[in-house]
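Below you'll find the structure, written out as structure tokens, and then a few comments.
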Amino acid sequence: MTTPTLFGRNITCDLGSHRVLHDVSLTAEPGKVTGIIGANGAGKSTLLSILAGLLTHHQGEVALDTRPLVNLSLLERARNIAFLPQAPEVHWDLTARQVVALGRIPHQHSFNWLNTANEADQSAVLAAMRATQSDQFAERPVRSLSSGEQMRVHLARMFAVNAPVILTDEPINGLDPFHQIRCLDALGTRARDHHCTVITVLHDLDLAARFCDQLLLLHNGEVLAWGEPLEVLTPANLMQAYRIRPPENPETTGLNVALWDCNDD
Amino acid sequence: MKVGFTHWFWLLATTTLILFLVSLLMPSTLTGPNTGAGFLLQELFAVDTSNSDIARIILLELRVPRACLALLVGASLGLAGAAMQGLLRNPLAEPGVVGVSGTAALGATLTFYTGLASVAPLALPLGGITGALAAVVLLFMIAGKYASTATLLLAGIALNAIAGALTTLTLNLSPNPFAAMEIIFWQMGSLADRSMLHLQLSAPLMLAGWALILHAAPAARGLSLGEVTASSLGINVRTTQRKIILGTALCVGAGVAVTGIIGFVGLVVPHLLRRACKNDPAQLMLASAVGGASLLLAADIAVRCIPTNAELKLGVVTALIGAPVFLYLIFKVRRLEQ
Chain A
549 MTTPTLFGRN ITCDLGSHRV LHDVSLTAEP GKVTGIIGAN GAGKSTLLSI
599 LAGLLTHHQG EVALDTRPLV NLSLLERARN IAFLPQAPEV HWDLTARQVV
649 ALGRIPHQHS FNWLNTANEA DQSAVLAAMR ATQSDQFAER PVRSLSSGEQ
699 MRVHLARMFA VNAPVILTDE PINGLDPFHQ IRCLDALGTR ARDHHCTVIT
749 VLHDLDLAAR FCDQLLLLHN GEVLAWGEPL EVLTPANLMQ AYRIRPPENP
799 ETTGLNVALW DCNDD
Chain B
7 MKVGFTHWFW LLATTTLILF LVSLLMPSTL TGPNTGAGFL LQELFAVDTS
57 NSDIARIILL ELRVPRACLA LLVGASLGLA GAAMQGLLRN PLAEPGVVGV
107 SGTAALGATL TFYTGLASVA PLALPLGGIT GALAAVVLLF MIAGKYASTA
157 TLLLAGIALN AIAGALTTLT LNLSPNPFAA MEIIFWQMGS LADRSMLHLQ
207 LSAPLMLAGW ALILHAAPAA RGLSLGEVTA SSLGINVRTT QRKIILGTAL
257 CVGAGVAVTG IIGFVGLVVP HLLRRACKND PAQLMLASAV GGASLLLAAD
307 IAVRCIPTNA ELKLGVVTAL IGAPVFLYLI FKVRRLEQ
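Residue numbers (our numbering), protein chains in the order written: chain A, 549 to 813; chain B, 7 to 344.
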């Protein structure tokens, strides 16, 4: 399967009487990590839901290469776009392996009462768990795991779909630095080694600068800046989008942990 | 993992089959102690046909409807209970939460009140089924096009409350104490004296309900990850929700219409089997259907065995077993929350 480029063209979306997005366009290419950043309420999550095809009452178009998303069947869309929502839920005491296996639903026939998995399913689950190092707690109930471990399970669930396009909404919220870096590393690996199209909403600007190939900065539902991280993350843009200003004494930059690497050996 | 479930499933299915045969062939107080398996089998296959008519009548008019209804209603309650829990992702959900059992009971009660029940024997189950279908129509009218699961649940609670109030009003205004007694006894739930007609009337609706629920069962597995993730996996959450609610309304409504209210089976059975099914919502639905059938057959056999002056009502027995389990569930959930 060749990896499609994801196009969002002139997306405008109203929720109730409130205009959440106005004329937003972006292009996410295979092999690249595209970050969506912006203040709370800037429209990041809404945009991601629209790109995932989960929110459909909007103007403008989302397309995979030349195929508009609205022309895809639910299953086609699910096989092409894997989505990880903000604060993913797990009900019942499902084990990590069971949760990851749910990522195979788009590939299984709709009368799979007994939850049977074929070889492709099993190897996809195994590969996804290895890629996120969640295989060590495969048989433990997900709800008994730490936040970091839970996020690894959810990433594995999303990878198990084996979709060429991957969308995640603030995957590193509430994680320690190790898991933040590990998580974004896994997304980056997915983009480069599996040639996936990865889009992620992020709040941490340092990590966004480090791990994303291109950034879309939203401000009040409109695109304030779009391009390579250093072009987007300018003091002027940040002051406008986030209502913050740089320190008066720029030498006190602290440890800058965002640039550190994982050390698990 | 699969082997474990299949193992459990066949064990349950065999138990159900044995209980079904016991229910069919055990002697009862009504027809006398000598009408057990020996008598029935001997007379049905005997060369001397003097007693075979009696045997056939006992079997076809009394035993078959009773055993089949226990099987079908039990399976409906178990299946619908597991389906509602899967849909709402809540172990305290039960088939009645969508309001159908309340309105089915109201429909049946009204046939007692108007005297229709004593004129035409089919008026009672038909009234119950009409009540259940009315609930479905109202539910979907309230739900509209974009109802969330929470809205549907609230609508179900409201329907139950209205139906309960109207049922009480009917009792309040009932013309004589006997009519009121009849209503109260009917509501306790029982399988005694149900005929082939009851079975023929309710079975197609129950089977249609099962088909709808089972069609949606694998999708309910995806709902374990929440509605957003489920739809990202290609599951049509709205269709799944509608199938399960309509299916529940059909099979539980038809069941309540012929048996009266049989509580707690739909709540307790999925809870008891959840671990054996490794928490898989779809497998739990299959297992709960068989488990519900087993439990109701067993409860009905118990009702027929326990010597009391008035026959114990089935709904009373299931509630006596179910309520303590319900209480235990609440304590367990509270412990988890602390």
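For glycine and all other residues, C-beta sits at the position ideal for the given N, C-alpha and C.
This structure is a prediction, so every number in the text was calculated from the model and none was measured.
query: How would you write the range of the alpha helix (DSSP H) that Thr245 (chain B) sits in, first residue to last?
result: Its alpha helix (DSSP H) spans residues 243-265.
task: Over the uninterrupted alpha helix (DSSP H) stretch that includes Val275 (chain B), give me the two end residues.
output: Taken as a continuous stretch (DSSP letters only), the alpha helix (DSSP H) holding Val275 (chain B) covers 271-279.
Other residues of its chain near Thr582 (chain A): CB distance less than 6 Å, five sequence neighbours each side excluded: Ala576, Ile747, Gln762
- request: Determine the burial state of Gln247 (chain B): buried for a count of at least 16 other Cβ atoms within 10 Å of its Cβ, exposed for fewer.
  value: When all chains shown are included, Gln247 (chain B) counts as buried.
message: 7 Å is my cut-off, CB to CB: does Leu602 (chain A) come that close to chain B?
response: yes
Continuous beta strand (DSSP E) stretch holding Gln762 (chain A): start and end: 762-767
task: Would you check if the segment 680-692 of chain A and the segment 649-660 of chain A touch, i.e. whether three or more CB-CB distances between them fall below 8 Å?
output: Output reads no: the segment 680-692 of chain A does not touch the segment 649-660 of chain A.
query: Taking Cβ-Cβ distances below 8 Å as the criterion, which residues of the segment 228-256 of chain B are in contact with chain A?
result: Gly228, Leu229, Ser230, Leu231, Gly232, Val234, Thr235, Ser237, Ser238, Leu239, Gly240, Ile241, Asn242
- prompt: In angstroms, rounded to a whole number, what distance separates the CA positions of Leu622 (chain A) and Thr643 (chain A)?
  reply: 27 Å
- prompt: Secondary structure at Gly137 (chain B), three-state DSSP: helix, strand or coil?
  reply: helix
field: Selected residue, minimal CA-CA separation from Thr604 (chain A), among A:Asp613, A:Leu612, A:Thr594
entry: A:Thr594
- request: Could you tell me whether the Cβ atoms of Leu765 (chain A) and Leu755 (chain A) are closer together than 7 Å?
  value: no
query: Which word fits Lys592 (chain A), buried or exposed, when buried means at least 16 other C-beta atoms lie within 10 angstroms of its C-beta?
result: buried
- prompt: In chain order, what residues of the segment 205-225 of chain B put their CB closer than 9 Å to some CB of chain A?
  reply: Leu220, His221, Ala223, Pro224, Ala225
- prompt: Which partner residues of Gln607 (chain A) appear in the DSSP bridge assignment?
  reply: A:Thr560
task: Check whether the segment 316-325 of chain B touches the segment 187-198 of chain B, taking contact to mean three or more Cβ pairs, one atom from each stretch, closer than 8 Å.
output: Touching, yes.
query: Anyone know if the C-beta pair for Ile251 (chain B) and Val143 (chain B) falls short of 7 Å?
result: no
query: Rounded to a whole number of angstroms, what is the C-alpha to C-alpha distance between Trp808 (chain A) and Phe726 (chain A)?
result: 9 Å
query: What is the C-beta distance between Leu25 (chain B) and Ser300 (chain B), in whole angstroms, given that I count them as a contact (C-beta under 8 Å)?
result: 6 Å
message: By the three-class DSSP mapping on this structure, what secondary structure does Glu770 (chain A) have?
response: strand
field: Sequence-distant residues of the same chain with beta carbon closer than 6 Å to Arg730 (chain A), five excluded per side
entry: Cys810
query: CB Val271 (chain B) to CB Leu83 (chain B), shorter than 7 Å?
result: For Val271 (chain B) and Leu83 (chain B), yes; Cβs fall inside 7 Å.
- request: Could you tell me how far apart the beta carbons of Ile629 (chain A) and Val713 (chain A) are, in whole angstroms, since I believe they sit closer than 8 Å?
  value: 5 Å
- prompt: The beta strand (DSSP E) with Ile747 (chain A) in it runs from where to where?
  reply: Taken as a continuous stretch (DSSP letters only), the beta strand (DSSP E) holding Ile747 (chain A) covers 745-749.
query: Does the distance from the CB of Ile267 (chain B) to the CB of Ala89 (chain B) come in under 7 Å?
result: no
message: My assumption, with CB atoms under 8 Å, is that Thr109 (chain B) sits in contact with Ala138 (chain B). Please give the rounded CB distance.
response: Between Thr109 (chain B) and Ala138 (chain B), the beta carbon gap of about 6 Å places them in contact (Cβ cut-off 8 Å).
Straight-line gap, Trp14 (chain B) to Ala282 (chain B) (C-alpha atoms, nearest Å): 7 Å
message: I need the straight-line Cα distance from Leu723 (chain A) to Ala806 (chain A), nearest angstrom please.
response: 13 Å
- prompt: Is there contact between the segment 115-134 of chain B and the segment 62-77 of chain B, where contact requires at least three CB pairs shorter than 8 Å?
  reply: Remark: fewer than three beta-carbon pairs, one from each stretch, lie closer than 8 Å, so the segment 115-134 of chain B and the segment 62-77 of chain B are not flagged as touching.
message: Along the chain, where does the alpha helix (DSSP H) containing Thr235 (chain B) start, and where does it finish?
response: 233-238
Nearest candidate by alpha-carbon position, reference Leu354 (chain B), set B:Val331, B:Ala308, B:Pro313, B:Pro127: Because chain B is modelled from 7 through 344, residue 354 (chain B) falls outside the range shown and cannot be assessed.
task: Consider the Cβ of Ala288 (chain B): report whether some Cβ of chain A lies at a distance smaller than 7 Å.
output: yes
Segment contact flag, the segment 774-784 of chain A with the segment 736-745 of chain A, C-beta cutoff 8 Å, min 3 pairs: For the pair of segments examined, the segment 774-784 of chain A was found not to touch the segment 736-745 of chain A: the number of CB pairs separated by less than 8 Å stays below three.
query: In the segment 260-280 of chain B, which residues sit with their C-beta less than 7 Å from some C-beta in chain A, listed in chain order?
result: Correct list: empty, as no residue qualifies.
query: Using a threshold of 6 Å, is the CB atom of Ala576 (chain A) nearer than that to any non-hydrogen atom of the ligand NAP?
result: No copy of the ligand NAP occurs in the structure displayed, which carries no ligand at all.
field: Exposed unless 16 or more other CB atoms sit within 10 angstroms - verdict on Gly10 (chain B)
entry: exposed
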